[in-house]
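Worksheet for the structure shown next.
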Amino acid sequence: MNAPLSKLAAAAAPEETSLYEVRRKIYPRAVHGWFAGWRWALVWITQIIYYGGPWLTWNDRQAVLFDIVHRKFFIFGLVFWPQDIVYLAVLLIISALALFLFTAVAGRLWCGFTCPQTVYTEIFMWVERIVEGDRNARIRLDKERFSKKKIVRKGAKHAVWILLSLWTGFTFVGYFTPIKELWSEALTFSFGPWEAFWVLFYGFATYGNAGWMREQVCKYMCPYARFQSAMFDKDTLIITYDRGRGEPRGKAGSKGAGDCVDCGICVQACPTGIDIRDGLQYECIGCAACIDGCDQVMSRLARPRGLIRYSTTHAMEGKKTRVLRPRVLVYSAILLAIAAAVTASLYLRVPLKVDVIRDRAALAREVGDEIENVYRLQIMNTTEQQRLYEIGVRGLKDIEIKGDSRVTVEPASSRMVPVRVRVERDEVAPGTHRIEFEVRAVGAEAIAVRESSVFMVR
Amino acid sequence: MSQFTSGFWDIYIGVLTVVSVVACALFLKSQSVRKAPGPADTTGHTWDGDLAEYNNPLPRWWSWLFYITIVFSLGYLILYPGLGSWSGTLGWSQVGQLKQEQELALKRYGPLYEKFAATEIEALVKNADALGIGQKLFLNNCAQCHASDGGGARGFPNLADMDWLWGGTPEAIKTTIAEGRTGMMPAWGQALGEQRVKDVAHYVRSLSGLTHDSIRAARGKEDFDKTCIACHGQQGKGNTAMGAPDLTDKVWLHGSAEDRLIDTISRGRVDLMPAHKEKLSGAQIHLLTAYVYSLSRSGVAIPHRK
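For the record, the sequence lines run as chains A and B.
The first sequence begins at 1 in our numbering and counts up one residue at a time.
The second sequence begins at 459 in our numbering and counts up one residue at a time.
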C-alpha cells in the first residue's frame with residue numbers, strides 16, 4: 001500500500017507543511033457497461049428490500065419489526081426474544097466469514113457493489129448527474145460564479161438528496177417502530193422526540209456520507225476497507241491494468257505505442273480519484289468503473305477489451321491462478337458449517353422458554369407429613385397463539401405439584417407462575433436433590449421444555 | 459463534595475480540567491504542522507528489513523473533529539457540573555434526573571393502577587387483570603419473605619391460610635401493607651426462670667392438643683394466667699389488635715416443638731413487617747391488598763402447618 005510519488009514530491013518542497021490534507025473534490029465520470037449494470041442491479045435489489053421490507057405484513061403485524069420497547073424481534077414467522085441474541089451473533093459471524101470468502105476470491109466485491117456507502121453514493125451521483133450534468137458540466141458549474149442558474153441547480157440537487165435521505169431515515173426507523181403508524185405521524189408532523197431524532201440522524205448520515213463524504217468514508221473511516229487487504233493473496237481477483245499490453249502509452253496509431261491511449265477515462269471514472277495504472281492501491285474499492293470506461297474506449301478503437309480487467313497477480317505474472325486454494329476452502333467450509341448449524345437450530349427451535357427460579361427465603365416447609373418447596377416458573381410463550389401449558393415435575397419418589405398445574409400464557413408474552421412442589425417427608429433424605437420441571441403445551445406435544453432445579457429437605 | 463472541608467479541591471479539579479482542555483487545543487495546533495520532511499516521506503519505522511510506514515496526511519475534516527470535541531467539552535462544562543463545585547447552568551443532577559424519571563413513570567404507569575383504585579376489594583378478587591397486576595407487585599415486593607406463593611416461612615406469616623395475626627379484613631390487610639407491623643413478644647426467661655418457662659411451654663402445647671406433660675402444663679397454667687393472657691387472652695385465642703397469635707390452632711409462626719416454644723417464651727420475639735406507603739402508591743397498595751386477600755379465598759388455600 002504505497003502513496004503515489006507525485007504526492008510526496010509536492011509535500012517535500014515547503015519548509016513547514018500541514019499534517020492535514022485538504023480534500024480534493026472528485027467528479028466521477030459516468031460509464032456504462034457490464035459492471036455498471038451489475039451495480040445498478042444490486043442497487044435495485046438491496047433498495048427494494050430495504051425500502052419495501054417494513055411495509056410487508058405477516059400474521060396481521062409488520063413482517064419485519066425490531067420492537068425494542070417490548071423486546072420482541074419479528075422476522076416473518078420467527079419471533080426472537082432477547083435470549084436469542086446468539087442468533088444475532090451467529091448472523092454477524094456468517095456475514096464476516098462471507099466477507100472473508102468473497103474478498104479472498106474476488107477482492108473488494110462487497111465494497112464495489114453492495115456496501116450501503118457505494119449504493120447510496122451511486123444513487124446520489126445519479127441525481128447529481130441528472131440535475132447538474134456529467135463530469136465536465138459539473139466541474140464547469142463549480143467553477144462558475146454564483147448565478148441564478150447555479151443556485152437553482154445546486155438547490156434542486158440538495159433538495160432531492162435531502163428528500164431521499166429523509167425517506168431513508170424514515171424507513172430505518174420504520175424497522176423499529178411500526179411504519180404505518182410512523183407514516184401517519186409523519187403526515188401530521190407528530191413524531192415523538194426519539195423518532196424525530198433517529199429519522200433526522202439517519203437521514204443526516206445518509207446525506208452527509210453519500211452526498212459529501214463519499215470516498216472519504218472508504219479511505220479514512222471504514223475499518224473493513226483496511227483489513228480486507230489482509231485477505232488478498234496472489235490468486236485474488238483484483239482490478240488490474242495490463243501493463244505489458246498497455247505500455248508505453250501513446251496516441252492510437254503512433255509508432256511503438258502500447259494499447260493504452262492515455263485517454264484518462266479510467267482516472268475520470270474512478271470514484272476514489274486514483275489511477276489504476278499505478279497498480280493496486282488501498283483506495284481502490286473494486287467498483288470496476290475503470291474497466292467499463294476502458295472497455296468503452298477499446299471497443300471504439302476496435303481493440304480487444306480487457307486492458308483493465310479483473311485478474312490476479314499470478315495471472316499477470318504468467319502463472320496459473322488457483323481458485324480452490326486452502327484459504328478459500330477453509331472459509332467456505334466454516335461458512336457452510338455455521339450456516340447449516342444455524343438453519344438446523346432455527347428449524348428445531350422450541351417456541352417456549354422456561355426459567356426456574358427457586359424461592360430463596362423459604363428453603364423448605366413442613367406441611368403435615370410432607371415437605372414443600374416453592375419455585376417461580378417464568379414461562380415465555382414465543383408463539384403468536386395463546387397457549388395452555390401443563391407443568392410437570394419429576395426426580396423424586398411421589399413428587400407432585402400442589403395446586404393448579406395448568407397455566408395459560410398470552411401470545412408472545414411471558415408469565416411468572418409460583419409453583420408448590422411436595423414430597424413425603426419419610427421418602428427423602430435431608431439435603432438437596434436434583435429435580436426436573438417439564439412444561440408442555442397442551443395440544444402441541446412437540447412444544448416442551450425441561451429445566452432442572454433443586455429440591456431441599458431439612 | 460461534602461467530604462471535603464475546604465474549597466481547595468474544588469478549585470484544584472476545576473483548574474486541572476480547564477488547563478487540560480486548553481493544553482489539548484494547543485497541542486492539536488502545534489502538532490498539525492511539521493518541519494519539511496526528508497526525501498522519503500516515511501515515519502522512519504522499519505520492520506522486516508524493508509517494510510516502511512508512509513506518513514500520509516490525514517484529511518483536514520478529521521482535525522475539525524478534534525476541535526469540535528474541545529468546543530463540546532467547554533460547552534459541556536458550562537451546562538453541566540464538572541468544574542469543581544460548579545453545578546452547571548442547566549441545574550442537572552443525578553438525583554434530579556431520577557426524580558424526573560420517577561414522575562414520568564408515575565404519569566405513564568399510574569393510570570394502570572388508578573383504574574382499579576375505586577373498585578371494592580371484594581370485587582377486585584374476581585378481576586383477573588387486577589389480580590395479575592397484584593401478583594406482579596407481590597412477587598416484586600413481598601415474595602422475598604412471604605414466598606412466591608404467599609405461603610410464608612418460619613418467622614414470616616402464611617398469607618394463604620385463614621389465620622391472620624393482625625386481622626384478615628381488606629382494611630386490616632391494607633393497613634398492614636401501608637403502615638407495617640411490629641409484633642412484640644417480651645422475653646420471660648429472666649422473670650420466670652428455666653423450669654417455669656418449660657412449664658408454660660407445655661401448657662401452650664396442651665392448648666392445641668399437642669403432646670405434653672400434664673403436670674408441667676398444670677403448673678404452667680398459673681404463670682400463663684398471670685403473664686400471657688394480657689395479650690394472648692384467657693383461652694389463648696390471641697388478639698389481632700396487637701398481633702398476638704392464636705395459640706389454640708395448628709398454625710405456628712416460630713414452630714411448635716418444645717425447644718422452639720421455650721426459646722420463644724424465654725427470649726421473646728420481634729417480628730417486623732416494613733411499611734410500604736413510601737414505596738408504593740395508594741393504588742398499588744389497593745391492588746396488592748386485593749391479591750393478598752384473594753390468596754386465602756381462592757379455594758386452594760394452603761392447609762395449616764406446624
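Note that beta-carbon positions come from the ideal geometry of N, C-alpha and C, so glycine has one too.
Here the structure is a predicted model, which means the values were calculated and not measured.
- Secondary structure note for P418(A): it is in no alpha helix (DSSP H), and the uninterrupted beta strand (DSSP E) holding it is S413 to E424.
- Residues of chain A whose Cβ lies closer than 8 Å to the Cβ of W520(B) are, in chain order, Y20 and Y220.
- Taking 7 Å as the cut-off between beta carbons, none of the residues of the segment 47-66 of chain A comes near chain B.
- Nearest CB-CB separation between A588(B) and chain A: not below the 8 Å threshold.
- The beta-carbon of D369(A) is placed no less than 8 Å from the nearest beta-carbon of chain B.
- Below the 8 Å Cβ cutoff, chain B contributes no neighbours of E410(A), its closest Cβ being approximately 10 Å away.
- Per DSSP, K72(A) is one residue of the beta strand (DSSP E) stretching across K72 to I75.
- In the same chain as T408(A), and ignoring 5 residues on each side of it, the C-beta atoms closer than 6 Å to its own belong to L388, in chain order.
- Distance between W126(A) and D275(A), taken at the CA atoms: about 22 Å.
- The Cβ neighbour count for L65(A), taken over all protein chains shown within 10 Å, is at least 16; the residue is labelled buried.
- A residue is called buried once 16 or more other Cβ atoms fall within 10 Å of its Cβ, and Q558(B), having fewer, is exposed.
- Beta-bridge partners of Y389(A) (DSSP): V407(A) and A441(A).
- In the DSSP annotation of this structure, the continuous segment of the alpha helix (DSSP H) that includes S95(A) starts and ends at I85 to A106.
- If you draw a 10 Å sphere on the C-beta of S606(B), you find 16 or more other C-beta atoms in it, and that means buried.
- Here L101(A) really is in contact with S332(A); their C-beta atoms are around 6 Å apart, less than 8 Å.
- Listed along chain B are P517 and W519, each with a C-beta nearer than 8 Å to that of Q216(A).
- Boundaries of the beta strand (DSSP E) around S452(A): A448 to V457.
- Where T168(A) is concerned, the enclosing alpha helix (DSSP H) starts and stops at K148 to G174.
- As a beta-bridge residue in DSSP terms, T432(A) pairs with M456(A).
- Not a single C-beta of chain B is nearer than 8 Å to the C-beta of M231(A).
- Just measuring C-alpha positions, the residue of G465(B), D508(B) and S521(B) sitting nearest Y20(A) is S521(B).
- Look at the segment 628-700 of chain B and you find these whole runs of beta strand (DSSP E), each 3 residues long or longer: 639-643.
- In this structure, the CA atom of L650(B) is about 17 Å from the CA atom of R718(B).
- Using a Cβ-Cβ cut-off of 7 Å, P418(A) is close to S606 and D607 of chain B, given in chain order.
- Judged by DSSP in its simplified three-state form, N598(B) adopts helix.
- Within chain B, no residue has its CB atom less than 8 Å from the CB of E424(A), the nearest being about 15 Å off.
- Close CB contacts of A225(A) within its chain, under the 8 Å cut and outside five residues either way in sequence, are with R108, C111, C218, K219, Y282 and I285 (chain order).
- E132(A) counts as buried, since at least 16 other C-beta atoms from the protein chains shown sit within 10 angstroms of its C-beta.
- Taking the Cα of E366(A) as reference, the smallest distance to any Cα among L141(A), V328(A), C115(A) and E424(A) is reached at E424(A).
- With a 10 Å radius around the Cβ and a threshold of 16 neighbouring Cβ atoms, V79(A) comes out buried.
- Interface with chain B (8 Å Cβ-Cβ cutoff): R394(A) is excluded.
- DSSP, reduced to helix, strand and coil, places Y749(B) within a helical segment of the structure shown.
- Non-local beta-carbon contacts of E122(A) in its own chain, meaning distances under 7 Å to residues more than five positions away in sequence, involve R39 and V43 in chain order.
- Of the residues A288(A), R325(A), V328(A) and L329(A), the one whose Cα lies closest to the Cα of S311(A) is A288(A).
- With respect to G211(A), W161(A) sits close: the two C-beta atoms are nearer than 8 Å.
- Remark: fewer than three beta-carbon pairs, one from each stretch, lie closer than 8 Å, so the segment 229-241 of chain A and the segment 146-158 of chain A are not flagged as touching.
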